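Asker: Got a structure for you, questions after.
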Amino acid sequence: MNRTRVIFVVIVGIAVLIVAGAALFRAAGGQVSPPASNQPLEVRLLVALPVEPWVSEAARQFNQERHTLEGRVIHVTIVPMDGLAAMGRYERGEFGPEEGQQPLPTAWIPDSRYLVELVNSAYKEKVGRDVFLTDGEYRARPIAISLFAWGIYTSRAEALERKYGPISWRTLHDAAIAPGGWREIGGRPEWGYFKLIVPHPRRNIGGLAAMVAAAGEYYDRPDISVADVTDPNFQQWLKELMGAVTDFSSLGSYPGENLALFGYSAGDGGQLLESDLLINMAGSLTRWEPLRILYPKYVTWFDFPFTVWMGTETTALEKNAALEFEKYLLSRPWQERAVSYGLRPVSSEVSVDRPDSPFNQWKDRGVATVLPVTTRMRDPDREVLQTLLRWFDLNVARR
Amino acid sequence: MSRQRPSQRVRRSRTSLPIIALSVGVLGVLLVCGVCWAGYQALQGGLADAVPPPNEVVLRVAYSPEKDVLFRDLVEGFNRRGEKTPAGLTIRVEAVQLEPEEMLERALAGEFQAITPDSSLWLDQLDRRYAERSGPDATLIGPVTRYAVSPVVLIMWRDVAEQMGYPNRPIGWGDVLARAQSDPDFKWSHPSTASASGILATLAEFYAGAGKTRGLTEEDVNNQQVLDYVGALEKTVRYYGEGEWATAQRVKQAGRAVLDAFVGQEQIVVWLRQQGADVVAIYPVEGSLWEDHPLALLETPGLSDDQRTAFERFSDYLTSEEAQMKVLASGYRPADLSLPLDSPGSPLQPANGVDPNQPQTALQIPPPAVVQVVQNAWWETKRRANIYLVVDTSGSMEGQKIANVREALRLFIDQVKSDRDSIGLITFNSQVYEDVPLDRLENNRAQLLAAVEGIRAGGNTALLDAVNRAYTLLQRANDRERINAIVVMTDGLENASAITLTRLTAQMRDGNRKGVPVLVFAIAYGEDADKEVLQRLAEATGGQMREGTLETIRNLYRILSTYF
Chain P
1 MNRTRVIFVV
11 IVGIAVLIVA
21 GAALFRAAGG
31 QVSPPASNQP
41 LEVRLLVALP
51 VEPWVSEAAR
61 QFNQERHTLE
71 GRVIHVTIVP
81 MDGLAAMGRY
91 ERGEFGPEEG
101 QQPLPTAWIP
111 DSRYLVELVN
121 SAYKEKVGRD
131 VFLTDGEYRA
141 RPIAISLFAW
151 GIYTSRAEAL
161 ERKYGPISWR
171 TLHDAAIAPG
181 GWREIGGRPE
191 WGYFKLIVPH
201 PRRNIGGLAA
211 MVAAAGEYYD
221 RPDISVADVT
231 DPNFQQWLKE
241 LMGAVTDFSS
251 LGSYPGENLA
261 LFGYSAGDGG
271 QLLESDLLIN
281 MAGSLTRWEP
291 LRILYPKYVT
301 WFDFPFTVWM
311 GTETTALEKN
321 AALEFEKYLL
331 SRPWQERAVS
341 YGLRPVSSEV
351 SVDRPDSPFN
361 QWKDRGVATV
371 LPVTTRMRDP
381 DREVLQTLLR
391 WFDLNVARR
Chain R
1 MSRQRPSQRV
11 RRSRTSLPII
21 ALSVGVLGVL
31 LVCGVCWAGY
41 QALQGGLADA
51 VPPPNEVVLR
61 VAYSPEKDVL
71 FRDLVEGFNR
81 RGEKTPAGLT
91 IRVEAVQLEP
101 EEMLERALAG
111 EFQAITPDSS
121 LWLDQLDRRY
131 AERSGPDATL
141 IGPVTRYAVS
151 PVVLIMWRDV
161 AEQMGYPNRP
171 IGWGDVLARA
181 QSDPDFKWSH
191 PSTASASGIL
201 ATLAEFYAGA
211 GKTRGLTEED
221 VNNQQVLDYV
231 GALEKTVRYY
241 GEGEWATAQR
251 VKQAGRAVLD
261 AFVGQEQIVV
271 WLRQQGADVV
281 AIYPVEGSLW
291 EDHPLALLET
301 PGLSDDQRTA
311 FERFSDYLTS
321 EEAQMKVLAS
331 GYRPADLSLP
341 LDSPGSPLQP
351 ANGVDPNQPQ
361 TALQIPPPAV
371 VQVVQNAWWE
381 TKRRANIYLV
391 VDTSGSMEGQ
401 KIANVREALR
411 LFIDQVKSDR
421 DSIGLITFNS
431 QVYEDVPLDR
441 LENNRAQLLA
451 AVEGIRAGGN
461 TALLDAVNRA
471 YTLLQRANDR
481 ERINAIVVMT
491 DGLENASAIT
501 LTRLTAQMRD
511 GNRKGVPVLV
521 FAIAYGEDAD
531 KEVLQRLAEA
541 TGGQMREGTL
551 ETIRNLYRIL
561 STYF
């Protein structure tokens, strides 16, 4: 072999060694480039729909500001999802690293704390421990609150009050079963029949909350049991009430927006989240007429807890990065910003009674910065929720 | 200036030899490394993956046809912006136009990441079908964005509306249906239940038949008296058709003679007014329905984060000021509630035949199961049809042309779902042959399909004689309860008929006045077809002329089947 051939063989040999080494390194899970420490820390956050616009805006700002943890930039990705739908996905094991699963969120902001408890109890049965902590550093912390209030078109609210007295689920039930519709209730004949807005409970937990609240008023107490919701008299009453809903299909994520967009043609009013009503007050006025806000006797609160997934699927650094974003949401500027989305801040330093606040803007339409004396509806347990959902599927969705 | 001696040059060259060799060696190693790495990558990923990594993420969105102009404009506007994901991929939206029924089927097959049908009704239907496959609690519909809405209305020529009391008296479905039953010259149409406006029209009929305005049940829909009522009303429908947008275009082209009234979204009234048609929107007093054009993300297991981001960005664009102004300018009600409908420049003005303060009330939408029963019942109650398929088999049709027509005819026959509809087949070349006499499909479906298989090309083109034969047979049948129609196709010039065009069209005009109204739907197949003759045949009967090619003929026959 002459010298040129030797050189050629050496070159090829070295190249093959380099390629084989790189391939082995890669197969072993190594990262060729860039180095792991330079990659952003990804926080995947599942967010309930009523707070999603606010949290998304905060996430965009947070990402722009390039917050770091242990030298790595934190990047927050928002996945909007109704709380009940998210709960179902957790319980059915649809989140995870396997093929066919959706990526596991680092943290979750559901509508209410009881959804966290329900997921925990489901996992306790499966894996023998909580997957979301309820105390300690990683405990679920509310980031904003809102409550359910009546939002009814003024002309309709006045006619209802003239006929039946103060607005309540019982009042609306009477309106719902009036055979002659608005003609009989005291409104104008062309208004048709009384139309109630209730979101589809399978798509929006607000629909389920409305049914629980209606049960509270029916029994005149804040705690509802399975026995209560399976009572045939109650079920008949609830079915009549739900018979006044015009269209469940189009009432998806933001029922307050639908109320303003479709006006009284699709719904005269309903018990919806205060924040949803507040951000759509101007819209309903532009397109139709003003809404009136009224507070029910039994109030359902949503506290939107920021909840970090404790499983081993996410690293300690990712969990801590999620906490960094939680702190950001709880900071004063973002608590103040929450008010402009119609949410009540959890920070005691921030007031809803500011000149630019929608609470102030719509005071004359019935919005209260400080609530009148009301009773808080207790969180329903899993059996009550599932019984109501099944009842809805069988009796209303297929009515 | 000094010159180097030869010995110096030689010494220097000898000193640089190892450096050159080393450089060549390093370059060689790098080159071979590159070749080996490429080979390794190809082996790892297969040939398909050897294609350079994509630098874009595509969001496939299916949309319904009635918003074709607006949606394509919005998609183009978005794609022009060249938005990028955080990873730097360019986001591109790919829009696919589909009727809602087909959209649902293909969405279930995982072909799209998002859909925007005409109504949320379809989202319910999709979730229902998905739950049947994947479990009762499973949902496919993710976040939903609304960018444009429009109420479904009765679109009428102003003079027709005024005859019914417009604008001084509220008009309802009942008035239109009563008029249709009492006046045989009243021409109205609604789309099939494959679109939201078709479902609304059909629901209104079922509500009226059941004597209700809400709480329609499966029992109501299956009640024989209700079915008879709806069946009687459906007999007054002139024809159905592929959808409100196609009807609107037809009205724009052919004007007043086509229809007195049809069902469609309010936006079409604005559009037709902009085209010079004096139509108005009637918001039915019993209640309307909204076409809310939801854009829904489909939460399929394979949905990537990049596609989710693409959906969010596209949603943001659709609700941006730029897009919302386009929405309003097109005659839709924008989802941005800060835009007043009566703002300067808005086409939603009473002068355009619409009323932004309407509708006052809506019909109740029954649950998906009942809507499904209504859709099924409609197939049984809809106006039956007598259709002659008249097919050119002259020599010029030989080869791929006739093969594609055979396939298109089979599709047409399959699409006419009810066995109580009647179809006959007439073929022509130098002669006219009645291959399969007109009969109910329950009797002759197999015979028709066999005859279609046997079609062969050869001879001249006796087009007019063939149409005349079909027309005469339909007049002779004298079936006034049904839609009577001829679907005639030719690829060439008339050259073998005994009857003249002038005589035939005069005969048809006279026959339609005195006898049974027969519609001619004419298909000009390819460049050489005599479009003028076909146009005159269609015009003489209030029908339509459509142009088809080798590629489109199948779809064209499918579209025409929706008219019956």
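The listed protein sequences derive, respectively, from chains P and R. Going by the numbering used here, the first residue of the first sequence is number 1, and it counts up by one from there. Going by the numbering used here, the first residue of the second sequence is number 1, and it counts up by one from there. Every residue, glycine too, gets a C-beta built ideally from N, C-alpha and C. Computed from a predicted structure; not experimentally measured.
(1) Can you name the residues of chain R whose CB is closer than 7 Å to the CB of threonine 154 of chain P?
(2) DSSP beta-bridge partners for glycine 548 of chain R?
(3) Please state whether DSSP places glycine 287 of chain R in a helix, a strand or coil.
(4) State the start and end residues of the unbroken alpha helix (DSSP H) segment that holds asparagine 512 of chain R.
(5) I'd like the ranges of any alpha helix (DSSP H) spanning at least 4 consecutive residues and lying wholly in the segment 412–496 of chain R.
(6) Hey, could you find the ends of the beta strand (DSSP E) isoleucine 293 of chain P is sitting in?
(7) So with Cβ pairs under 8 Å, would you call tryptophan 379 of chain R a contact of chain P?
(8) Would DSSP call arginine 141 of chain P helix, strand or coil?
(9) Secondary structure at proline 345 of chain P, three-state DSSP: helix, strand or coil?
(10) DSSP on methionine 156 of chain R, reduced to helix/strand/coil?
(11) May I ask you to list the residues that DSSP assigns as paired with glutamine 97 of chain R?
(12) With 8 Å as the C-beta to C-beta threshold (strictly closer), list the residues of the segment 145–164 of chain R near chain P in chain order.
(13) How about the segment 228–243 of chain R and the segment 292–310 of chain R: do they share at least three Cβ pairs that are nearer than 8 Å?
(14) Roughly how many whole angstroms lie between the Cα atoms of phenylalanine 392 of chain P and leucine 49 of chain P?
(15) For tryptophan 108 of chain P, which residues in the same chain have their Cβ closer than 6 Å to its Cβ, ignoring the five residues on either side in sequence?
(16) Measuring alpha carbon to alpha carbon, tell me which of R:Ala107, R:Ala329 and R:Arg72 ends up nearest valine 93 of chain R.
(17) Proline 110 of chain P and phenylalanine 95 of chain P look like a contact to me (Cβ under 8 Å); what is the Cβ gap, rounded to whole Å?
(18) Output yes or no for whether 8 Å exceeds the beta carbon distance between isoleucine 483 of chain R and valine 520 of chain R.
(19) Taking only the alpha-carbon atoms, compute the straight-line gap between leucine 278 of chain P and leucine 172 of chain P and give it to the nearest angstrom.
(20) Assign serine 331 of chain P to one of two classes, buried (16 or more other C-beta atoms within 10 Å of its C-beta) or exposed (fewer than that).
(21) For the segment 214–250 of chain R, list the alpha helix (DSSP H) runs that are entirely contained and at least 4 residues long, ordered along the chain.
(22) Given 8 Å as the limit, is there contact between the segment 533–543 of chain R and the segment 389–405 of chain R, that is, 3 or more CB pairs closer than that?
(23) Considering only the beta carbon of each residue, do alanine 205 of chain P and aspartate 82 of chain P sit closer than 8 Å?
(24) Answer yes or no: the CB of tyrosine 332 of chain R versus the heavy atoms of the ligand FMN, is any distance below 7 Å?
(25) In chain order, what residues of the same chain have a beta carbon less than 6 Å from the beta carbon of aspartate 379 of chain P, not counting five sequence neighbours either side?
(26) Looking at the secondary structure, which residues open and close the alpha helix (DSSP H) in which alanine 214 of chain P lies?
(27) Please list, in chain order, all residues of the same chain as serine 120 of chain R whose beta carbon is under 6 Å from its beta carbon, the five residues on each side excluded.
(28) I'd like to know if the segment 149–167 of chain P and the segment 295–304 of chain P are in contact, where contact means that at least 3 CB-CB pairs between them fall below 8 Å.
(29) List the whole-angstrom C-beta distance separating tryptophan 191 of chain P from glutamine 364 of chain R, where the pair is believed to meet the contact cut-off of C-beta under 8 Å.
(30) What did DSSP end up calling isoleucine 78 of chain P once you bin it into helix, strand or coil?
(31) Have a look at methionine 103 of chain R and arginine 133 of chain R and give me their C-alpha separation to the nearest angstrom.
(32) For glycine 571 of chain R, which of R:Ala281, R:Ala310, R:Gln275 and R:Gln267 has the nearest alpha-carbon?
(33) Just how far apart, CA to CA, sit valine 73 of chain P and proline 333 of chain P?
(34) Just the chain R side, please: which residues come within less than 8 Å of valine 79 of chain P by C-beta, in chain order?
(35) Who are the Cβ neighbours of lysine 401 of chain R in its own chain at under 8 Å, not counting the five residues just before and after it?
(36) Have a look at R:Arg440, R:Asn352 and R:Ile115 and flag the residue whose alpha-carbon is nearest the alpha-carbon of leucine 140 of chain R.
Answerer: Reading from the atomic positions:
(1) For the purposes of this step, residue 154 of chain P is taken as residue 154 along the first sequence, with counting starting at 1. What threonine 154 of chain P touches in chain R: nothing, since even the nearest Cβ is about 15 Å away.
(2) Position 548 of the second sequence, counting from 1, holds the residue named residue 548 of chain R. BP columns for glycine 548 of chain R point to R:Tyr525.
(3) As a working mapping, residue 287 of chain R is identified with position 287 in the second sequence. Reduced to three states, the DSSP call for glycine 287 of chain R is coil.
(4) As a first step, residue 512 of chain R is located in the second sequence; it is residue number 512 there, counting from the start. Start and end: 501–514.
(5) 441–453 and 463–477
(6) Walking along the first sequence from the start, residue 293 of chain P turns up at place 293. That run of the beta strand (DSSP E) goes 291–294.
(7) The residue you call residue 379 of chain R lines up with position 379 of the second sequence. Tryptophan 379 of chain R does not count as touching chain P.
(8) Locating residue 141 of chain P in the first sequence gives position 141, counting from the first residue. The three-state secondary structure of arginine 141 of chain P, taken from DSSP, is strand.
(9) Taking the first residue of the first sequence as position 1, residue 345 of chain P is located at position 345. Three-state DSSP puts proline 345 of chain P in a strand.
(10) Translated into the one-based positions of the second sequence, residue 156 of chain R becomes position 156. If DSSP states are grouped into helix, strand and coil, methionine 156 of chain R belongs with the strands.
(11) Here residue 97 of chain R refers to the residue found at position 97 of the second sequence. Partner(s): R:Tyr63.
(12) Arg146, Val149 and Pro151
(13) no
(14) Counted from its first residue, the first sequence places residue 392 of chain P at position 392. Counted from its first residue, the first sequence places residue 49 of chain P at position 49. Cα to Cα, phenylalanine 392 of chain P sits roughly 22 Å from leucine 49 of chain P.
(15) Reading the first sequence from its first residue, position 108 is the one you call residue 108 of chain P. Contacts found: Leu46 and Thr307.
(16) In the second sequence, counting from the first residue as 1, residue 93 of chain R sits at position 93. That would be R:Arg72, whose Cα lies nearest to the Cα of valine 93 of chain R.
(17) As a working mapping, residue 110 of chain P is identified with position 110 in the first sequence. As a working mapping, residue 95 of chain P is identified with position 95 in the first sequence. Cβ atoms of proline 110 of chain P and phenylalanine 95 of chain P stay farther apart than 8 Å, at about 14 Å.
(18) As a working mapping, residue 483 of chain R is identified with position 483 in the second sequence. As a working mapping, residue 520 of chain R is identified with position 520 in the second sequence. No, the Cβ-Cβ distance between isoleucine 483 of chain R and valine 520 of chain R is not below 8 Å.
(19) Counted from its first residue, the first sequence places residue 278 of chain P at position 278. Counted from its first residue, the first sequence places residue 172 of chain P at position 172. When rounded, the distance between both Cα atoms is 22 Å.
(20) Here residue 331 of chain P corresponds to residue number 331 of the first sequence, with the count starting at 1. Serine 331 of chain P is classed as exposed because its beta carbon has fewer than 16 other beta carbons within 10 Å across all chains shown.
(21) 218–222 and 224–234
(22) no
(23) Residue numbering aside, residue 205 of chain P sits at position 205 when the first sequence is read from its first letter. Residue numbering aside, residue 82 of chain P sits at position 82 when the first sequence is read from its first letter. Checking the sequence, you will find isoleucine at residue 205 of chain P rather than alanine. Yes, the Cβ-Cβ distance between isoleucine 205 of chain P and aspartate 82 of chain P is below 8 Å.
(24) The ligand FMN is not among the ligands present in this structure, which contains no ligands whatsoever.
(25) The sequence position of residue 379 of chain P within the first sequence is 379, counting from 1. Once the five neighbours on either side are set aside, the close Cβ partners of aspartate 379 of chain P are Tyr114.
(26) As a first step, residue 214 of chain P is located in the first sequence; it is residue number 214 there, counting from the start. First-last of the alpha helix (DSSP H) with alanine 214 of chain P: 205–219.
(27) Locating residue 120 of chain R in the second sequence gives position 120, where the first residue counts as 1. Sequence-distant partners of serine 120 of chain R (beyond 5 residues in either direction) whose C-beta falls short of 6 Å from its own C-beta, in its chain, are Asp292 and Pro294.
(28) Yes, since at least three Cβ pairs between the segment 149–167 of chain P and the segment 295–304 of chain P fall closer than 8 Å, the two stretches touch.
(29) One-based indexing of the first sequence puts residue 191 of chain P at position 191. One-based indexing of the second sequence puts residue 364 of chain R at position 364. Not quite, the Cβ-Cβ distance comes to about 14 Å (not below 8 Å), so this is no contact.
(30) Within the first sequence, the letter at position 78 stands for residue 78 of chain P. Strand.
(31) What you label residue 103 of chain R is simply residue 103 of the second sequence in a count that begins at 1. What you label residue 133 of chain R is simply residue 133 of the second sequence in a count that begins at 1. Cα-Cα distance, rounded: 17 Å.
(32) Absent from the model: residue 571 of chain R. The displayed extent of chain R is 1 to 564, so no value can be given.
(33) In the first sequence, counting from the first residue as 1, residue 73 of chain P sits at position 73. In the first sequence, counting from the first residue as 1, residue 333 of chain P sits at position 333. The straight-line gap separating the alpha-carbon atoms of valine 73 of chain P and proline 333 of chain P is approximately 21 Å.
(34) Indexing the first sequence from 1 puts residue 79 of chain P at position 79. Near valine 79 of chain P (Cβ distances below 8 Å), the residues of chain R are Arg308.
(35) As a first step, residue 401 of chain R must be located in the second sequence, where it is residue number 401. Taken in chain order, the residues that qualify are Ala457, Asp491, Tyr525, Gly526 and Leu550.
(36) In the second sequence, residue 140 of chain R corresponds to position 140, counting from 1. For leucine 140 of chain R, the nearest C-alpha among the options comes from R:Ile115.
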